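Take a look at the structure below.
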Amino acid sequence: MNFYVIYIQLLLEYLFYGVAENVGNFLIKKDTKFPYISSPTYITTSKLECALQCQKTQCCAASFNGATNACYFNATHCYFQLEASPGWEVLHTILSKVFVNQLTTWPDAETQCISFGGHLAKVLNPVDDELIKNVIPGGVHYVWIDGSDEGKEGNWTWNNPVENILLDYWGPSRPDNAGGDQNCMIYRYFSGEYLWDDRECTDNNYPFICDI
Ligand SMILES: [Ca+2]
Ligand SMILES: [Ca+2]
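Our numbering numbers the first residue of the sequence shown as 1 and each following residue consecutively.
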């Protein structure tokens, strides 16, 4: 993989003094929790490699351009309000939510997440919910995540490791176990927002999100 490290002093200035401004291909909004950004790095890679490389170097958020495979990430500080310009999307990788745009079954999604060094994404707190919604590209209406009730109908848990599901982001009247065999969890776009639904685990139709 080729890496090009670019230090952009302007970025520091904007984050110290500006609220929101375009920097190159980025729109950076100041985050009051983290007063400055340092050592931004530009690489050319795929989105997954962008996220994995960001994760390896403990960056908190990356911006990825799908047209050029360019990846730009911050090595030391998280910017929850960092927004990408058109054509770019923001990956929050230290909090480990990585969208993988391959349509597959729930078990295969988990296998692939394991191959990346993680598992299907869990929602253990409201930040997880927000991060997942942030990494789902526009127009994608179904995305596998980790929950299932395969062990016992109606007993929903996170897997790997097994944990109780403490939050409730279920969609209207969900889980409904429609057809009698819906045992795997998905984020689904319900008229304006992403909420949980249960689907057949063998549906070979959905991208997924890993915790890596
Ligand atoms: Ca079920
Ligand atoms: Ca359902």
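All C-beta atoms, glycine included, are put in the ideal place defined by N, C-alpha and C. Remember, predicted model here, so these are calculated numbers, not experimental data.
Check, Outcome
"Three-state class that DSSP yields for residue 184 in the structure shown", "strand"
"Residue 163, buried or exposed, once every other Cβ within 10 Å from all chains shown has been counted against 16", "exposed"
"Given 8 Å, three or more beta-carbon pairs between the region 143-161 and the region 169-189", "yes"
"C-alpha distance - residue 166 paired with residue 128, whole-angstrom precision", "13 Å"
"C-beta contact flag for residue 198 and residue 175 at 8 Å", "yes"
"6 Å CB neighbourhood of residue 155 in its chain, flanking five on each side removed", "149"
"Residue 103: first and last residue of the uninterrupted beta strand (DSSP E) it sits in", "97-104"
"Residue 48 (DSSP reduced to helix, strand or coil)", "helix"
"Any non-hydrogen atom of ligand 1 within 7 Å of residue 207 CB", "no"
"Rounded distance between the beta-carbons of residue 97 and residue 211, thought under 8 Å", "7 Å"
"Contact check, residue 158 vs residue 196, beta carbons under 8 Å", "no"
"Simplified DSSP assignment, three categories, for residue 114", "helix"
"Contact test: residue 200 Cβ vs ligand 1 heavy atom, cutoff 7 Å", "no"
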